[in-house]
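Encoded as structure tokens, the structure appears first; notes follow it.
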Amino acid sequence: MTGQPGGRARHRSPERASSSRRPLRSLWAGTAIVAGAVTVALVATGGTYALWNSAVAPTAVTVASGTAGLSVGGVKALDTSALGPGGATAGTFSATNTGSVALAMRVSAGTTTASASALPGELTVKLAAVAKSADCVAGVGGYSARPSAFDTGSGYFTLPAGATATGCIVVTLDSDVPATLQNQTSSIGLVLTGTQVAP
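Under the numbering used here, the first residue of the sequence shown is numbered 1086, with each subsequent residue one higher.
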């Protein structure tokens, strides 16, 4: 029995007390059913549904790969007369990008031969790009090194697709060349490498 304000006593009948527990049981039962339904729905998500759907393929896209190509002409107008100490000779060559992508150019040492093994060590090779053959003279600026160590590194210049560049080569004999290297010859080789420019 519990006391209520106003002095009225209230008393629950056993029937009423048990009926207040019923909704609690019903609530738990309902919760279990809902949880079960959620579990079933989650499992069913991996299945198929009887729903209308439609799919359309877009127009096919054509992709073509590019080409890299390089054509190099022989050295022209190189004075082949004998060099004295400190003398220089110059000549030009052309390099054409025959491909469809721009090329990062590198010029490096190729095969060099000489009648006297010490002669290449007394020579300096210089490389420059010129607008026209007449600009290729001994005093032109550019990259220079001994024949065996010649290497401009990658990306010395960029040759666009379809473009032609004129290269100038100047070979100089050291001014303090030993007299023992008189009347000797040397053939200097260079290699041009074109690598596609990264997009």
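All C-beta atoms, glycine included, are put in the ideal place defined by N, C-alpha and C. Treat the numbers as computed from the prediction; the structure is a model and nothing was measured.
Below 6 Å CB to CB, which residues in the same chain sit around residue i once its five sequence neighbours on both sides are set aside?
{"i": "Thr1270", "result": "Ser1200"}
{"i": "Ser1228", "result": "What sits at residue 1228 in the sequence shown is Tyr, not Ser. Result list for Tyr1228: Leu1212, Thr1237, in chain order."}
{"i": "Ala1114", "result": "Confidence is the limiting factor: at Ala1114 the pLDDT is only 46, short of 50, which leaves the residue's position unreliable and the question unanswerable from this model."}
{"i": "Gly1151", "result": "Ser1185, Val1186"}
{"i": "Val1215", "result": "Cys1221, Thr1251, Cys1253"}
{"i": "Ser1218", "result": "Thr1177"}
{"i": "Val1225", "result": "Ala1213, Cys1253"}
Relative to the alpha-carbon of residue i, which residue among the options has its alpha-carbon at the smallest distance?
{"i": "Thr1251", "options": "Ala1162, Ala1140, Ala1149, Thr1147", "result": "Ala1162"}
{"i": "Ala1264", "options": "Val1255, Gly1169, Asn1138", "result": "Gly1169"}
{"i": "Asp1220", "options": "Gly1247, Phe1178, Asn1182", "result": "Phe1178"}
{"i": "Thr1280", "options": "Val1215, Leu1136, Cys1253, Val1192", "result": "Val1192"}
{"i": "Leu1266", "options": "Ser1202, Pro1284, Leu1277", "result": "Ser1202"}
{"i": "Ser1156", "options": "Ala1180, Val1225, Asn1138, Thr1144", "result": "Ala1180"}
{"i": "Thr1249", "options": "Gly1158, Asn1138, Ser1139, Ala1140", "result": "Gly1158"}
{"i": "Gly1240", "options": "Thr1278, Asn1268, Ala1223", "result": "Thr1278"}
Please classify residue i as buried or exposed, where buried requires at least 16 neighbouring CB atoms within 10 angstroms.
{"i": "Val1210", "result": "buried"}
{"i": "Ala1175", "result": "buried"}
{"i": "Val1146", "result": "exposed"}
{"i": "Leu1136", "result": "exposed"}
{"i": "Ala1142", "result": "exposed"}
Near residue i, which residues of its chain fall below 8 Å by C-beta distance, leaving aside the five closest residues on each side in sequence?
{"i": "Pro1205", "result": "Thr1197, Ala1199, Arg1231, Pro1232, Ser1233, Ser1271, Ile1273"}
{"i": "Thr1243", "result": "Ala1187, Leu1188, Ala1189, Met1190, Val1282"}
{"i": "Asp1259", "result": "Pro1170, Gly1171, Glu1207, Leu1208, Thr1209"}
{"i": "Asp1261", "result": "Pro1170"}
{"i": "Val1160", "result": "Gly1176, Thr1177, Phe1178, Ile1254"}
{"i": "Ser1166", "result": "Thr1174"}
Short of 7 Å in beta carbon distance, which residues of its chain neighbour residue i, apart from the five on each side in sequence? Order them along the chain.
{"i": "Ala1246", "result": "Asn1182, Gly1184, Ser1185, Val1186, Ala1187"}
{"i": "Val1256", "result": "Ala1173, Thr1174, Leu1208, Val1210, Ile1273"}
{"i": "Gly1195", "result": "Gly1274, Leu1275, Val1276"}
{"i": "Ala1153", "result": "Gly1184, Val1186, Leu1188, Gly1279, Gln1281"}
Quick check: is the beta carbon of residue i nearer than 8 Å to any beta carbon in chain B?
{"i": "Asp1259", "result": "Checking the listed chains, one finds no chain B in this structure; it contains a single protein chain."}
Query - Whole beta strand (DSSP E) elements within the stretch 1190–1221, 3-residue minimum - result: 1208–1215
Query - beta strand (DSSP E) segments (min. 3 residues) lying fully within the stretch 1220–1262 - result: 1228–1230, 1242–1244, 1249–1258
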